[in-house]
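Take any residue in the sequence shown, note its place counting from 1, add 4, and you have its number in the numbering used here. For every residue, glycine included, the Cβ atom is placed at its ideal position computed from N, Cα and C. Here the structure comes first, spelled out in structure tokens, and everything after it is commentary.
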Amino acid sequence: MAKTQETLLVTGACGQLGTELTAALAQAYGANRVIATDIRQPQNAAHTFERFEVLDITQGNEMAEFIQKHGITHIYHLAALLSATGEQKPMLAWQVNMQGWLNVLEVSREVGIQQIYFPSSIAAFGADTPRENTPQTTVMNPGTVYGISKYAGELWANYYCHRYGLDVRSLRYPGLISYSTPPGGGTTDYAVDIFYKALETGHYTCFLDAETRLPMMYMPDAIKATLQLMQADQSAIKVRTSYNLTAFSFTPAEIAQAIRQHIPAFEIQYAPDFRQAIADSWPATIDDSQARMDWGWQPDYDLAAMVKDMIANLQQRNSQIMAIV
Ligand code: SER
5 MAKTQETLLV TGACGQLGTE LTAALAQAYG ANRVIATDIR QPQNAAHTFE
55 RFEVLDITQG NEMAEFIQKH GITHIYHLAA LLSATGEQKP MLAWQVNMQG
105 WLNVLEVSRE VGIQQIYFPS SIAAFGADTP RENTPQTTVM NPGTVYGISK
155 YAGELWANYY CHRYGLDVRS LRYPGLISYS TPPGGGTTDY AVDIFYKALE
205 TGHYTCFLDA ETRLPMMYMP DAIKATLQLM QADQSAIKVR TSYNLTAFSF
255 TPAEIAQAIR QHIPAFEIQY APDFRQAIAD SWPATIDDSQ ARMDWGWQPD
305 YDLAAMVKDM IANLQQRNSQ IMAIV
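Spelled out as structure tokens, the structure:
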């Protein structure tokens with residue numbers, strides 16, 4: 005059970021993951037125990053934070069003051085630039101993703117933060133990694149700035165855990181699919197955009213080719229995994245870099261086919277751009293048996309269940325918007 009004096013900080017709370025993880029943490033620990041932060045004020049109706057502050061994670065001193073002022077005990081550090089944006093702005097991505105993370109780790113060491121969460125990604129793997137059933141421990145050599153920052157971030161997590169005893173935990177998320185807030189700047193984001201276009205126009209032009217298989221997960225499973233990992237007994241956590249995690253893998257052609265079960269006239273075309281090379285350097289399927297063994301990970305959603313739920317929720321939201329208009 006959550007202790008009443010816990011105060012949780014979430015960085016990047018307005019992002020695709022942050023929006024839903026912050027809501028889940030508020031549910032689990034009490035909304036007044038969770039402070040949502042981001043680089044700018046919330047813009048989306050899905051952001052109903054009880055407590056929100058603007059916080060720039062690249063400013064270490066400001067972050068340290070903030071953490072002390074609010075008596076933060078737990079940090080969920082989600083703020084980062086994703087893979088496609090990172091390739092367009094490599095130095096900014098490194099500054100935000102790496103300096104931001106080191107700021108979190110340093111202040112956590114100084115003030116004795118009890119628990120820290122760091123999201124890693126399939127992007128930590130690279131072109132030399134075995135693509136099928138990618139093992140927990142294998143060749144990494146990420147090829148994007150985002151991936152380099154995530155892999156380096158994992159190694160720093162491991163270092164701060166072993167050197168300073170910080171309880172840092174991490175998951176290598178696959179592509180995350182959700183309807184509350186749109187993702188921004190990722191390579192797996194086509195698997196979200198496709199739903200909006202299917203419902204709006206019945207047609208989608210995909211920036212990856214038809215047969216690009218990538219590991220994916222529906223957001224409720226990502227939230228479940230995160231809470232499960234963070235609530236697991238310390239002794240169960242054997243991996244202090246980051247745990248492999250997956251739910252299912254599919255290609256653009258396969259998700260299009262699954263969408264056609266609900267929208268029969270849906271059409272897809274392919275116009276691969278620079279994101280194809282990024283996707284080609286990532287795993288197609290992931291071996292997450294270590295997470296299953298250590299803390300009981302098991303996903304609830306497969307491709308068909310995810311597609312059904314996404315369409316139902318987006319249709320419901322569209323009809324609410326129509327009713328208001
Ligand atoms: N979904 C992310 C991206 O595509 C990978 O973690 O950048």
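Determine the contact status of residue i and residue j, defining contact as a CB-CB distance below 8 Å.
i	j	result
Tyr177	Pro224	no
Gln99	Asp171	no
His81	Ile39	no
Ile126	Pro219	yes
Val243	Gln324	no
Ala195	Tyr274	no
Taking DSSP's pairing of strands, which residues face residue i in a bridge?
i	result
Cys210	Tyr274
Thr138	Ile290
Glu57	Thr41
Gln119	His78
Ser174	Phe122
Asn248	Arg176
Met220	Gly179, Phe252
Leu203	DSSP lists no partner for Leu203.
Leu13	Ile39, Ile79
Around the Cβ of residue i, are there at least 16 other Cβ atoms within 10 angstroms (buried) or fewer (exposed)?
i	result
Arg44	exposed
Phe278	exposed
Ala30	buried
Met5	Unreliable placement is indicated for Met5, whose pLDDT of 44 sits below 50; the coordinate value is still reported in the next sentence. Counting Cβ neighbours within 10 Å, Met5 comes out exposed, since fewer than 16 surround it.
Ala327	exposed
Asp193	buried
Asp42	buried
Ser174	buried
Gln235	exposed
Would the C-beta of residue i count as close to the ligand SER, meaning under 7 Å from any of its heavy atoms?
i	result
Ser125	yes
Ser87	yes
Tyr194	no
Thr191	yes
Leu25	no
Gly16	no
Gly179	yes
Tyr163	no
Tyr222	no
Tyr208	no
Tyr183	no
Pro168	For the sequence presented, residue 168 should be read as Tyr rather than Pro. Every heavy atom of the ligand SER is 7 Å or more from the Cβ of Tyr168, so no.
The segment 214-224 contacting the segment 148-159, beta-carbon criterion three pairs below 8 Å: no
If we count Cβ pairs, one from each stretch, closer than 8 Å, do we get three or more for the segment 103-117 versus the segment 60-70? yes
Should the segment 290-308 be called in touch with the segment 226-239, which here means at least 3 C-beta pairs below 8 Å? yes
Check whether the segment 208-221 and the segment 244-261 touch, using three or more Cβ-Cβ pairs below 8 Å as the test. yes
How about the segment 130-144 and the segment 89-106: do they share at least three Cβ pairs that are nearer than 8 Å? no
Can we say the segment 156-167 touches the segment 285-299, given the rule of at least three CB pairs closer than 8 Å? no
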